[in-house]
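Q: Sharing a structure here in structure tokens format.
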């Protein structure tokens, strides 16, 4: 399976939300990394055929998805950024309802709902109202509804936003498990969410794809540009305004350890440090 984006562009009047973006994706997890407003949601809505590109083409195995119609949508599972649900529904009732809308038979939707609620860890609370759930539980239910039709392409828009660290880890593990023999594309501005599970990372800024590759390829963008230095508290105050500071740590001796991302050595005595994906993010999105 190959999903190809060929110079995909989306305009809203004078605003250019996605700008001639091209990429090729197959099976596995792809992390779409970018700041809020980078165009990630617009791109995902076009991939889901909810919005039509102003220019360019989205193709599945060489066929334009706009020509596939219902055949393409049957292959899709989608969890939007603002996942809608009925607060007074239980997870069990909600999945039966969504499964019916997706055209599943009564027997199939019951069987699939049971399996999915167990897989996402909600079986024990299947008869509790959704409005009583935590953010992480609601997101796991969102994954379950997206998986009801056993999609070959799973699109997740900011699925870990607002979750605590424990829920984010659980969610990442779930995404990784679901990626067997399917394409999973999920967007985020949280670096750690793509660092461990993404087969490939796509970095998007101002509607354009500015970097793509495995983690080690992405890190090359900041090789030789990450510095660490120990300064006084007064120096630290000035330098945080002057430089792109990735981290600041107060030491027991009263001095401050700064991590700075920039081309040249910031001050005499600064030492180069091993880059991380967080450094890459701050390098591209320092504003």
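Residue numbers (the working numbering): 19 to 305.
Positions of the beta carbon are idealized from the N, C-alpha and C atoms, including for glycine.
Note that the structure is predicted; figures quoted are calculated from it, not measured.
So what does DSSP say about residue 182, is it helix, strand or coil?
A: It is coil, neither helix nor strand.
Q: Going by DSSP, which residues form a beta bridge with residue 41?
A: Beta-bridge pairing links residue 41 to 23.
Q: My assumption, with CB atoms under 8 Å, is that residue 74 sits in contact with residue 106. Please give the rounded CB distance.
A: So it is not a contact: roughly 42 Å between Cβ atoms.
Q: Report yes if the C-beta distance between residue 118 and residue 145 is below 8 Å; otherwise report no.
A: No, they are not a contact pair.
Q: Does the contact criterion of 3 or more C-beta pairs under 8 Å hold for the segment 123-136 versus the segment 179-193?
A: With a cut-off of 8 Å, the segment 179-193 and the segment 123-136 do not count as touching, because too few Cβ pairs lie within range.
Q: Pick from 45, 62 and 54: whose alpha carbon is nearest that of residue 39?
A: The shortest Cα separation from residue 39 among 45, 62 and 54 belongs to 62.
Q: Determine the burial state of residue 297: buried for a count of at least 16 other Cβ atoms within 10 Å of its Cβ, exposed for fewer.
A: It counts as buried.
Q: Which residue from 78, 80 and 149 puts its Cα closest to that of residue 112?
A: The shortest Cα separation from residue 112 among 78, 80 and 149 belongs to 149.
Q: The alpha helix (DSSP H) that contains residue 299, what's its start and end?
A: Segment 295-302, the alpha helix (DSSP H) holding residue 299.
Q: Kindly confirm or deny that the segment 283-290 and the segment 241-261 touch, where touching means at least three C-beta pairs closer than 8 Å.
A: Yes: at least three Cβ pairs fall under 8 Å.
Q: Name the residue from 231, 239, 203 and 280 whose alpha carbon lies nearest to the alpha carbon of residue 257.
A: Selected option, being the one with the closest Cα: 280.
Q: Specify whether the segment 78-96 and the segment 157-173 touch according to this definition: at least 3 beta carbon pairs, one from each stretch, less than 8 Å apart.
A: Verdict: yes, contact present.
Q: With DSSP collapsed to three states, give me the class of residue 116.
A: Residue state, collapsed to three classes: helix.
Q: Given a cut-off of 8 Å, decide if residue 49 and residue 212 are closer than it, judged by their beta-carbon atoms.
A: Yes, Cβ-Cβ distance for residue 212 and residue 49 is below 8 Å.
Q: Just grab the DSSP bridge partners of residue 222 for me.
A: Its beta-bridge partners are 227.
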